[in-house]
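First the structure, in the form of structure tokens, and then the observations on it.
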Amino acid sequence: MFYRYVLKPIFFAFDPELVHDFMVSVGEFFGKFALTRWLIGLMYGYHGRDIWKTVDGITYKTPFLLSAGFDYNARLMRILPCIGLGGEEIGSVTAKPCEGNPRPRLTRLPKSQSILVNKGLKNDGVEAVIKRLKDHVRHGLFGPCRTLSKPGFVTGISIARTNCIDSVDIQAGIDDYLYSFRRLNEENVGDYYTINISCPNAYGGEAFITPELLEKLLTALGTIKCLKPVYVKMPINIPWSQFDSLLKVIDTHKLQGVVIGNLNKDYNSLDVRSEAPAEYRGGLSGKPCASLSTELIRKTRQAYGKRFTIIGVGGVMSWELAKEKFDAGADLIQLITGMIYEGPGLIRKLCVGYSKEKR
Ligand SMILES: Cc1cc2nc3c(=O)[nH]c(=O)nc-3n(C[C@H](O)[C@H](O)[C@H](O)COP(=O)(O)O)c2cc1C
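Going letter by letter, the sequence shown gives residues 318 to 676 in the working numbering.
Set out below in structure tokens:
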């Protein structure tokens, strides 16, 4: 209620990127102190019955994760566990630091419960993110466990190719992914990795969403020793035949699973089409992603049984919409836009819904 009637009207009166940066700074600050973590936990934490879930050998305190793109520079790892999240996907990180696309990078489309994202993979680069993750460990902010993250709060790391003219060339793009993947494995940071092949708003487009080029990319990544689960973040605007051909490549390379999926490029999916004129740039998050991603989750589960771990993401604005994704075959759920429109209290609602369902 406080978020919906007090904070949201204030936030929505300002530029979305400004609000995002402000919230990340506030979240990072609150994460530093036991008192603020306790207070946020009291307000927004999930205190119900146990809903831990183990997927690919990793135990998530709850099956709900913050999706890639919100905490792209790894600054919120201390505060996010307090609001009922079982993990987060940091990034997408790229080999080189990246300024992102020219502003505006984010536009709210409130009538359609969506955000037009034209961020263009803005991030500090893989080395800065590795340093931040290792500093967390050095300062004792995470307990001892199998990897660097706090037990029960999982940190996945999403990897994309740097959004610049130099990495448009296919081999240069592969080398870019390879650099980040190698460095993350060398430094042993993160619990799982996601290869993001479906960023719709970067130089060179989604080059690796053809089976031939995905094959090339995964062959190159396969030369690096990796003991953690690896997932591929899938596009949602391609026909099933192409989607399936990508799944076959992922299967051949013995990766653990897929994240379904990324932003929606089809502006006709908006409830109110006029909210995003054609000259706008970027992909749609939120409600326009919901049914497209759920259908792809269902088809993947039907076609491949238990072969793949499926992380379902796109338009989870309520427990009912999360349940649709679980019912379709998702093992875990990620979200961003639902949290922006409904507030952090949405996570507790998802946890409560899940715990009732599992009773
Ligand atoms: C502000 C913003 C930035 C995003 N940046 C990334 C990114 O860097 N990498 C990525 O794989 N997905 C990115 N995404 C896509 C989300 O991870 C997610 O797939 C998509 O928003 C659908 O989920 P949602 O409807 O819950 O927001 C971004 C989404 C938003 C809203």
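All C-beta atoms, glycine included, are put in the ideal place defined by N, C-alpha and C. Predicted model only: the values in this text are computed from it and were never measured.
Inset, instruction - Could you tell me whether the Cβ atoms of residue 429 and residue 592 are closer together than 7 Å? - result: Residue 429 places its beta carbon less than 7 Å from that of residue 592.
Legend entry - DSSP three-state assignment for residue 550, whether helix, strand or coil: The three-state reading of DSSP puts residue 550 in strand, counting E and B together.
Inset, instruction - Provide the residue(s) that pair with residue 512 in DSSP beta bridges, ordered along the chain. - result: Its beta-bridge partners are 476 and 549.
Inset, instruction - Along the alpha helix (DSSP H) that carries residue 643, what are the first and last residues, could you check? - result: 636 to 645 is the extent of the alpha helix (DSSP H) around residue 643.
Inset, instruction - Flag residue 541 as yes when its Cβ comes closer than 6 Å to any non-hydrogen atom of ligand 1, and as no otherwise. - result: Flag unset: Cβ of residue 541 not near ligand 1.
Legend entry - Extent of the continuous beta strand (DSSP E) run through residue 571: Unbroken run through residue 571: none, as it is neither H nor E.
Inset, instruction - Quick one: measure Cβ to Cβ for residue 579 and residue 556, integer angstroms, because I've assumed they're closer than 8 Å. - result: About 16 Å separates the two Cβ atoms, so there is no contact after all.
Legend entry - ligand 1 heavy atom lying under 6 Å from the CB of residue 343: Checking every heavy atom of ligand 1 against the Cβ of residue 343, none is found closer than 6 Å.
Inset, instruction - Can you grab the Cα-Cα spacing for the pair residue 635 / residue 377, in whole Å? - result: Looking at the backbone, the Cα of residue 635 and that of residue 377 are separated by about 20 Å.
Legend entry - Within-7 Å CB hit, residue 494 to chain B: The displayed structure is made up of one protein chain only, and chain B is not part of it.
Legend entry - Collapsed DSSP secondary structure at residue 370 in the structure displayed: Note: residue 370 maps to strand in three-state DSSP.
Legend entry - Cβ neighbours of residue 321 in the same chain (closer than 8 Å, five flanking residues each side left out): These residues qualify, in order along the chain: 659 and 660.
Legend entry - Cα-Cα separation, residue 628 to residue 649: Each residue's Cα considered, the two are about 5 Å apart.
Inset, instruction - Could you name the residues of the same chain whose beta carbon sits closer than 7 Å to that of residue 372, not counting the 5 residues immediately before and after it, in chain order? - result: Only 626, 648 and 649 meet the Cβ criterion.
Legend entry - CA-to-CA distance, residue 445 to residue 465, given in whole angstroms: Per-residue confidence for residue 465 stands at a pLDDT of 39, beneath the threshold of 50, marking its modelled position as unreliable; no derived number is given.
Inset, instruction - For residue 543, I'd like the list of residues in its chain whose CB is within less than 6 Å of its CB, leaving aside the five on either flank, ordered along the chain. - result: Closer than 6 Å at the Cβ level, and outside the excluded window around residue 543, lie 502.
Legend entry - Helix, strand or coil at residue 354 [DSSP, three-state]: Note: residue 354 maps to helix in three-state DSSP.
Legend entry - Cβ contact (3+ pairs, closer than 8 Å) linking the segment 323 to 335 and the segment 351 to 370: No, the segment 323 to 335 is not in contact with the segment 351 to 370.
Inset, instruction - Leaving aside the five residues before and after residue 434 along the sequence, list all residues of the same chain whose C-beta is less than 8 Å from its C-beta, in chain order. - result: Only 386, 422, 423, 518, 580, 599, 600, 601 and 602 meet the Cβ criterion.
Inset, instruction - Indicate whether the contact test is met: 3 or more Cβ pairs, each with one atom in the segment 565 to 572 and one in the segment 396 to 409, closer than 8 Å. - result: No: the two stretches stay apart, fewer than three of their Cβ pairs being nearer than 8 Å.
Inset, instruction - Run the proximity test for residue 382: is its beta-carbon closer than 6 Å to any non-hydrogen atom belonging to ligand 1? - result: Not under cutoff, so the answer is no.
Inset, instruction - Pull up the DSSP beta-bridge partners for residue 677, would you. - result: No statement about residue 677 is possible, as the shown extent of the chain runs from 318 to 676 and does not include it.
Legend entry - residue 489 versus residue 594: straight-line alpha-carbon distance, rounded: Answer to the nearest angstrom: the Cα atoms are 34 Å apart.
Legend entry - 7 Å Cβ cutoff met for residue 447 and residue 504: Note that the C-beta distance between residue 447 and residue 504 is below 7 Å.
Legend entry - Residues of its chain near residue 332, where Cβ-Cβ distance is below 6 Å and the 5 sequence neighbours each way are ignored: Result list for residue 332: empty, nothing under 6 Å.
Inset, instruction - Report yes if the C-beta of residue 606 is less than 6 Å from at least one heavy atom of ligand 1; otherwise report no. - result: Residue 606 Cβ: within cutoff of ligand 1.
Legend entry - Helix, strand or coil at residue 339 according to DSSP, with G and I counted as helix: Residue 339 falls in the helix class under three-state DSSP.
Legend entry - Beta-carbon spacing of residue 537, residue 491 below 7 Å: Result yes, Cβ atoms of residue 537 and residue 491 sit closer than 7 Å.
Inset, instruction - With a threshold of 16 other CB atoms inside 10 Å of the CB of residue 339, please say whether the residue is buried or exposed. - result: Exposed.
Inset, instruction - Could you tell me the distance, in whole angstroms, from the CA atom of residue 637 to the CA atom of residue 547? - result: Between residue 637 and residue 547, the C-alpha separation is close to 28 Å.
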